[in-house]
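Q: Per the UniProt record's numbering, residue 1 is the first one in the sequence shown, and the count goes up by one each step. Glycine included, C-beta positions come from ideal geometry on N, C-alpha and C.
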Amino acid sequence: MYSNLPNSWFRVARSEDLSTKGVIPLHYFGKDFVLFRTEDGKPHIFDAHCPHLGAHLAHGGRIQGQTLRCPYHGWLWDTNGQCAAIPYPDKPKPKAKIQSWPVLELNGLIMMYHHHQGKLPDWEIPQIPELNSVEWTPLRLVRQWKVRTTLQDYMDNSVDVSHLYNLHSRTFKSAHSHGVEIDGPILTHRMSQKYNLSSLAAG
1 MYSNLPNSWF
11 RVARSEDLST
21 KGVIPLHYFG
31 KDFVLFRTED
41 GKPHIFDAHC
51 PHLGAHLAHG
61 GRIQGQTLRC
71 PYHGWLWDTN
81 GQCAAIPYPD
91 KPKPKAKIQS
101 WPVLELNGLI
111 MMYHHHQGKL
121 PDWEIPQIPE
131 LNSVEWTPLR
141 LVRQWKVRTT
151 LQDYMDNSVD
161 VSHLYNLHSR
171 TFKSAHSHGV
181 EIDGPILTHR
191 MSQKYNLSSL
201 AAG
């Protein structure tokens, strides 16, 4: 894992990207992973490759109840990454295990925890109450860019309200900060913005 990234939660998918019994590949932190949703509706993330003979679990892997089935030899992996069963009745179940990763699903996002020493998270991301409030209307923009920068610079840019209606005047008519709250590792910045919808529609 990259050590130049903060020890934190990272958005790896939107909730709507992963259907029940869905299995999709991920590539983050210089590694391949498999993201899947078991029949109980919960998301899970494993290292991508089966420890048996290295098959990529996101390419042909299937959900069976609360397990992920390897597409190569049909080994079943439970949600903790432990081998749950193998399709050979005359052989004992191996003690094989695949690396599983901490996952949260909230605010319409699927989050994965990254720690450069592999430690477990000691905090969780809070729910955003405005997402379910009738007093707020969500504006959803999904765009992707590849940017050569550090994560710190990117986040500094996103919370720098004063530059929005100066540098991005075609998109933002105005932007106002309503204060910053810091609670341990959690920074909450509430702001209101007025958008130029014709500019957004033009892309």
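1. So what does D183 bridge to, in DSSP terms?
2. Which value, in whole angstroms, describes the spacing of the CA atoms of D32 and G61?
3. Please identify the residue among H163, I110 and S174 whose C-alpha is closest to the C-alpha of S15.
4. Between the C-alpha atoms of S133 and R190, what's the straight-line distance to the nearest angstrom?
5. Which residue's Cα is closest to the Cα of R69: H116, P89, H115 and K21?
6. Where are the beta strand (DSSP E) runs, 3 residues long or more, that stay fully inside the UniProt domain "Rieske" (9-112), in chain order?
7. I need the DSSP call for M193, collapsed to helix, strand or coil.
8. Run through DSSP, which three-state label would S169 get?
9. On the DSSP bridge assignment, give the partners of H114 in chain order.
10. Alpha carbons only, please: which of H178, D153 and A55 is nearest the one belonging to I98?
11. Using C-beta distances below 8 Å, list every residue in its chain close to Y28, excluding the 5 sequence neighbours before and after it, in chain order.
12. Assign S177 to one of three DSSP states: helix, strand, or coil.
13. Let's test the definition: count the other Cβ atoms within 10 Å of the Cβ of H44 and tell me whether it reaches 16, buried, or not, exposed.
14. Decide if W101 is buried, meaning its Cβ has at least 16 other Cβ atoms within 10 Å, or exposed.
15. Enumerate in chain order the residues of its own chain whose CB-to-CB distance from Q66 is below 7 Å, with the five nearest sequence positions on each side excluded.
16. Would you decide whether V34 is buried or exposed? Buried here means 16 or more other CB atoms lie within 10 Å of its CB.
17. When the Cα of R140 is compared with those of L131, K119 and K146, which residue comes out closest?
A: Once the coordinates are examined:
1. As a first step, residue 183 is located in the sequence shown; it is residue number 183 there, counting from the start. Paired residues: I186.
2. Taking the first residue of the sequence shown as position 1, residue 32 is located at position 32. Taking the first residue of the sequence shown as position 1, residue 61 is located at position 61. D32 and G61 have their C-alpha atoms spaced approximately 15 Å apart.
3. Start at 1 with the first residue of the sequence shown, and residue 15 comes out as number 15. The residue with the shortest Cα to Cα distance from S15 is I110.
4. Within the sequence shown, the letter at position 133 stands for residue 133. Within the sequence shown, the letter at position 190 stands for residue 190. Each residue's alpha carbon lies about 15 Å from the other.
5. The sequence position of residue 69 within the sequence shown is 69, counting from 1. The shortest C-alpha separation from R69 is found at K21.
6. 23-28, 31-37, 43-47, 62-64, 67-69, 83-85 and 103-106, all fully within the UniProt domain "Rieske" (9-112).
7. Along the sequence shown, read from residue 1 onward, the residue named residue 193 stands at position 193. The residue you asked about is not Met; residue 193 is Gln in the sequence shown. For Q193, the three-state secondary structure derived from DSSP is strand.
8. Looking up residue 169 in the sequence shown gives position 169. Looking at S169 - three-state DSSP - the assignment turns out to be coil, as it is neither helix nor strand.
9. On the sequence shown, position 114 is the one that residue 114 refers to. Answer is S8.
10. Residue mapping note: residue 98 aligns to position 98 of the sequence shown, counting from 1. Measuring from the Cα of I98, the nearest candidate turns out to be A55.
11. Here residue 28 refers to the residue found at position 28 of the sequence shown. Contacts found: F10, V12, M112 and H114.
12. Stepping through the sequence shown from its first residue, residue 177 is reached at position 177. S177 falls in the strand class under three-state DSSP.
13. Walking along the sequence shown from the start, residue 44 turns up at place 44. Classification of H44: buried, given that the 10 Å Cβ count is 16 or more.
14. Position 101 of the sequence shown, counted from the start, is the residue given in the question as residue 101. W101 comes out buried.
15. Within the sequence shown, residue 66 is the residue found at index 66, counting from 1. Cβ within range, chain order: T38, E39, D40, D78 and T79.
16. Looking up residue 34 in the sequence shown gives position 34. With at least 16 other beta carbons inside 10 angstroms of its own, V34 counts as buried.
17. On the sequence shown, position 140 is the one that residue 140 refers to. Of the listed residues, the one whose Cα sits closest to R140 is L131.
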